[in-house]
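Reading through the C-alpha cells given below for one structure.
Residue numbers (our numbering): 8 to 117.
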C-alpha cells in the first residue's frame, strides 16, 4: 500500500473513501494570493477555496478545472492525483477546515 498523505484545506472537501481525486494549489503574482481545489473525479464534484470560486464558477470547470485556470493568471504550485482514504471536516465561527487523507497514484498529473 502507498504511503498515506494528507492536506489541510480552508474549505469543505468531504471526498468519500475510495473516490479518485485531484488536488491542486495555485498562486497569483503575489504569493499571498493563493487558492486550491479538490476535484472528486469519481463523483464529478469540484471543491474550491473561496479565492477560486469566481474563476472556476462555470460548467467547464467540473470537466477540467486545470484547463479553465490556465486561461487566468494563476500559477500552478502543484497537483496530486490520488485515492481518498476519507476526510475530517470542521467549522468554528467563520473558519472552515478539511483534513483530507489520500494515497498518491502514479506520477504527477498529466
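Built from N, CA and C at the ideal position, the CB exists for glycine as well. This structure is a prediction, so every number in the text was calculated from the model and none was measured.
| Query | Result |
| --- | --- |
| For the stretch 11 to 23 and the stretch 40 to 59, state whether three or more C-beta atom pairs, one from each stretch, are separated by less than 8 Å. | yes |
| To the nearest angstrom, report how far apart residue 117 and residue 96 are at their CA atoms. | With a pLDDT of only 44 at residue 117, under the threshold of 50, the placement of this residue in the model should not be trusted; the figure read from the coordinates follows. Distance between the alpha carbons of residue 117 and residue 96 is about 29 Å. |
| In the DSSP output, which residue or residues are listed as bridge partners for residue 93? | 108 |
| Spatial neighbours of residue 84 within its chain, please: CB distance less than 7 Å, with the 5 preceding and 5 following residues excluded, ordered by chain position. | 32, 33, 34 |
| Consider the C-beta atom of residue 16 and the heavy atoms of the ligand NAP; say whether any pair is separated by less than 6 Å. | Absent from the structure shown: the ligand NAP. Ligands present: none. |
| How should residue 105 be labelled, buried or exposed, when 16 other C-beta atoms within 10 angstroms of its C-beta is the threshold for buried? | buried |
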